[in-house]
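Numbered according to mature numbering (1 follows the signal peptide of the UniProt record, and there is no 0), the sequence shown spans residues -25 to -1, 1 to 234.
Here is the structure we will look at, set down as structure tokens.
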Amino acid sequence: MLQMRLALQFVLLIAPLWFKTATQAAPPPLSPQQFRKFLLGDRDRPWIEDFYGSDKYLNDEDKNAFKQRLIGVTLGEKLSSPGAVTGSFNEGMYMLGADYNAKDKKYEASEVVVKILYGPVDGKILGEVKALKDVGYFIASGLLPSNGKPAMLMKKIDGAQIKSTGVWKKANQSGREELLNQMKLLVKNEIVTWADEKRLLHADFTSYNIHVTFDKDDSIKTCRVLDFGFPGIFRVGTSATKSDIEEWFELQWNNRKQW
Ligand SMILES: Nc1ncnc2c1ncn2[C@@H]1O[C@H](COP(=O)(O)OP(=O)(O)OP(=O)(O)O)[C@@H](O)[C@H]1O
Ligand SMILES: [Mg+2]
């Protein structure tokens, strides 16, 4: 009888809880190959080599990017743009609360953003620092003295994600198509130049990863791609020509995700 009561109690009380926990458990993380497939799909090409932070591309300096503590950083407000709250790989993006003295230069607080990552430091994180250096956005990196978390300081990119702007919100469908056409040309120029000149392929141009500013007539003035984190950045192989990259860009743009 007691056994039956216990069994009944399990079915009525414990089992639903267990089921809830089991069904709510986080899905297993995707493997690098699955991320690649998700991002590139049928736009994958033999000249698109491995992720930028793959060990074979990292030199000693790259590998030492978090060997030191990042001192002199005063965190300011947390950025609250969509996609900025908490990413899959980062814990948050912050403004600075005070100016920062880098090795060679003093930065005003308003010129810098800080990305704080989940540790431990691995190729994903090292690859982001390497990519930021290669495109000229890197300021500093290291472990935060307060909590030991890896953090990187980068140049703040002007503008905002297009979908958060008043211009986009009030535009009708043809207005939005026109804005997207203007953006496409500017994004293409950035992506193709990085790929051709730096051998760095940014493949993750979601609307969250592009900042725009507008002219007085509401046309796009500037358009800048950001987010150099895993899994969006690949090394471009030597066989790729500029026209291979341009062709790839057209397809990738037409298949872009999260717009
Ligand atoms: N250099 C920058 N200047 C200004 N804003 C930035 C900069 N880098 C990122 N942001 C803002 O913060 C948001 C989140 O940053 P980012 O895209 O690098 O990380 P994420 O996509 O959230 O994280 P994950 O690395 O997990 O993909 C961006 O969508 C953008 O609006
Ligand atoms: Mg992003």
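Glycine residues also receive a C-beta, built at the ideal position from the N, C-alpha and C atoms.
Asked: For residue 239, does the count of other Cβ atoms within 10 angstroms reach 16, so buried, or fall short, so exposed?; Found: Outside the displayed range of the chain (-25 to 234) lies residue 239, so it cannot be described from this structure.
Asked: Just checking my contact of tyrosine 69 with valine 89 at CB under 8 Å: how many whole Å lie between their CB atoms?; Found: 4 Å
Asked: Is residue 248 near tyrosine 183, with beta carbons less than 7 Å apart?; Found: Given a span of -25 to 234 for the chain in the structure shown, any question on residue 248 remains unanswerable.
Asked: With a Cβ-Cβ cutoff of 7 Å, do leucine 201 and isoleucine 132 count as a contact?; Found: yes
Asked: Between the alpha carbons of serine 150 and lysine 191, how many angstroms are there, rounded?; Found: As written in the sequence, residue 150 is glycine, which differs from the serine given in the question. Using only the alpha carbons, I get a separation of about 15 Å.
Asked: With which residues is phenylalanine 113 paired in a DSSP beta bridge?; Found: Met129
Asked: Out of Asn65, Ala170, Met158, Val104, which one is the CA nearest neighbour of leucine 33?; Found: Val104
Asked: Is it a yes or a no for the segment 113 to 131 touching the segment 216 to 232, going by three-plus beta-carbon pairs under 8 Å?; Found: no
Asked: Measure the C-alpha to C-alpha separation of glutamate 52 and leucine 45 and round it to an integer number of angstroms.; Found: 18 Å
Asked: Among residues of its own chain, excluding the 5 on either side of isoleucine 185, which ones have a beta-carbon nearer than 8 Å to its beta-carbon?; Found: Gln136, Ile137, Met158, Val162, Cys198, Arg199, Val200, Leu201
Asked: Apart from the five residues on each side of it in sequence, which residues of its chain come closer than 8 Å, Cβ to Cβ, to leucine 107?; Found: Phe113, Met127, Met129, Phe203
Asked: What does the Cβ neighbour count give for tryptophan 234, buried or exposed, with the cut at 16 atoms within 10 Å?; Found: exposed
Asked: What are the boundary residues of the alpha helix (DSSP H) that glutamate 36 is part of?; Found: 35 to 38
Asked: Classify tyrosine 32 as helix, strand or coil using the three-state DSSP reduction.; Found: helix
Asked: On the premise that aspartate 25 lies in contact with phenylalanine 209, defined as a C-beta separation below 8 Å, what is that separation, rounded to the nearest angstrom?; Found: 7 Å
Asked: Just the Cα atoms here: how many angstroms apart are glutamate 66 and proline 4?; Found: 17 Å
Asked: Return the chain-ordered list of same chain residues with a C-beta closer than 6 Å to the C-beta of glycine 123, the five sequence neighbours on each side being excluded.; Found: none
Asked: Let me check understanding here. Comparing Cα to Cα, which of Ser55, Gly141, Val48, Asp79 lies closest to leucine 71?; Found: Val48
Asked: With H, G and I counted as helix, E and B as strand and the rest as coil, what does DSSP make of aspartate 97?; Found: coil
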